[in-house]
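A.B. asks: Numbering (full-length UniProt numbering), first residue to last: 1 to 108.
There's a structure below that I have some questions on.
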């Protein structure tokens, strides 16, 4: 399961994303692969887990971690589940070139 979540600090709070981001990653389960990115005004965290874990379980874990007083008031802006497809990509099918606009069929 691959999940990307976006968070912003609560209104009126100065963003210290490096410290809070490291704390958040430390509070999430160790067996999850996590990646932290900071952008203008928000933080994105990518979480990759086993296929046995459901999206609702990850969401519940993240929400419970965000209630931790050490993190301060962060709010979850978006939570997106991405699907991984383990099948190889299909071969491309060649497409016939488009006819010119002035080209007419034989019978016209």
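For glycine and all other residues, C-beta sits at the position ideal for the given N, C-alpha and C.
Have a look at residue 67 and residue 61 and give me their C-alpha separation to the nearest angstrom.
C.D. replies: C-alpha separation (whole angstroms): 10 Å.
A.B. asks: What is the C-beta distance between residue 4 and residue 56, in whole angstroms, given that I count them as a contact (C-beta under 8 Å)?
C.D. replies: Actually they are not in contact, since the Cβ atoms of residue 4 and residue 56 sit about 16 Å apart, beyond 8 Å.
A.B. asks: Which term fits residue 9, buried or exposed, when burial requires 16 or more other beta carbons within 10 angstroms of its beta carbon?
C.D. replies: Buried, by the Cβ-count rule.
A.B. asks: Assuming residue 27 contacts residue 65 under a Cβ cut-off of 8 Å, what Cβ separation, rounded to an integer in Å, is found between them?
C.D. replies: At roughly 5 Å, the Cβ-Cβ gap stays under 8 Å, so residue 27 and residue 65 are in contact.
A.B. asks: If you check the beta carbons only, do residue 58 and residue 1 fall under 9 Å apart?
C.D. replies: A contact, by the Cβ cut-off of 9 Å.
A.B. asks: Along the chain, where does the alpha helix (DSSP H) containing residue 71 start, and where does it finish?
C.D. replies: Unbroken run through residue 71: none, as it is neither H nor E.
A.B. asks: Are residue 36 and residue 25 close, meaning C-beta to C-beta below 9 Å?
C.D. replies: Their beta carbons are under 9 Å apart, which means residue 36 touches residue 25 by this criterion.
A.B. asks: List the residues that DSSP assigns as beta-bridge partners of residue 34.
C.D. replies: 47.
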